[in-house]
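Residue numbers (my numbering): 1220 to 1440.
Glycine included, every Cβ here is placed at the ideal spot set by N, Cα and C.
Below, the structure is given as structure tokens:
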């Protein structure tokens, strides 16, 4: 997209291409970070046990703290799509393991806020993360996020408030209404916080007689 690329160019021009994390080394092609800092992000497959209804299991790979939080902030608030794709590549061996373990009939991603997609970010972070992995051609656009004007979910930390924010936010595309019945679906998102989004998506899918809903988030807050 034009605007994210412009931001990256201006950063390089004004700050002499220094890594925003260590402020010492030159940034890499990833954008904003040097390779040394980026590879402080350590992948570890985790099965999360959360008491969240409508979801049969949660998986995560990275911690949303330290360099992990820095990377998420750059992706979501500085619109650095190249970092998102590199996160996906780093996670790919673990993603393959999770995919084989679940053996889903369908893979989908949490759809973006339409306003952010159109006017701010220009891309959907979880979709960008899997774009250059083996899942890139397996993702199906099953879910739709309704257009709603609300407070950004990333700024809401209270669990009950987050559940209220995502209530009735999602629906399923009509061409998938019958196809998903009795199936196992793997849903991919960027950050797992309270599980509010997962619960809302799971509720919609289970109401359509989906057999199993598994949730994968790259980062665990």
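key: Inter-residue Cα distance where the pair is residue 1368 and residue 1333   = Bear in mind that the predicted position of residue 1368 carries a pLDDT of just 49, short of 50, making it too unreliable to give a figure here.
request  = Kindly indicate which three-state DSSP category residue 1276 falls into: helix, strand or coil?
outcome  = strand
task = Name the residue from 1250, 1276, 1267 and 1337 whose alpha carbon lies nearest to the alpha carbon of residue 1282.
result = 1267
request  = Have a look at 1308, 1263 and 1440 and flag the residue whose alpha-carbon is nearest the alpha-carbon of residue 1249.
outcome  = 1308
task = Could you give the DSSP three-state label for residue 1340: helix, strand or coil?
result = coil
ask   = Whose C-beta lies closer than 8 Å to the C-beta of residue 1310 among residues of the same chain, with five residues either side of it excluded?
value = 1262, 1280, 1281, 1348, 1352 and 1437
message = Rounded to whole angstroms, what is the Cα-Cα separation between residue 1247 and residue 1398?
response = 43 Å
ask   = Can you tell me whether residue 1258 is buried or exposed, with buried defined as 16 or more other CB within 10 angstroms of its CB?
value = exposed
key: Through-space distance from residue 1389 to residue 1420, alpha-carbon basis   = 7 Å
task = Give me the Cα-Cα distance between residue 1253 and residue 1290, rounded to the nearest whole angstrom.
result = 12 Å
ask   = Quick one: is residue 1417 buried, meaning 16 or more other Cβ sit within 10 Å of its Cβ, or exposed?
value = buried
inquiry  = Can you give me the C-alpha to C-alpha distance between residue 1260 and residue 1305, rounded to a whole angstrom?
reply    = 11 Å
Range covered by the alpha helix (DSSP H) that runs through residue 1306 = 1300-1321
key: Residue from 1269, 1300, 1358 and 1297 whose Cα sits closest to the Cα of residue 1405   = 1358
request  = Enumerate in chain order the residues of its own chain whose CB-to-CB distance from residue 1346 is below 6 Å, with the five nearest sequence positions on each side excluded.
outcome  = 1328
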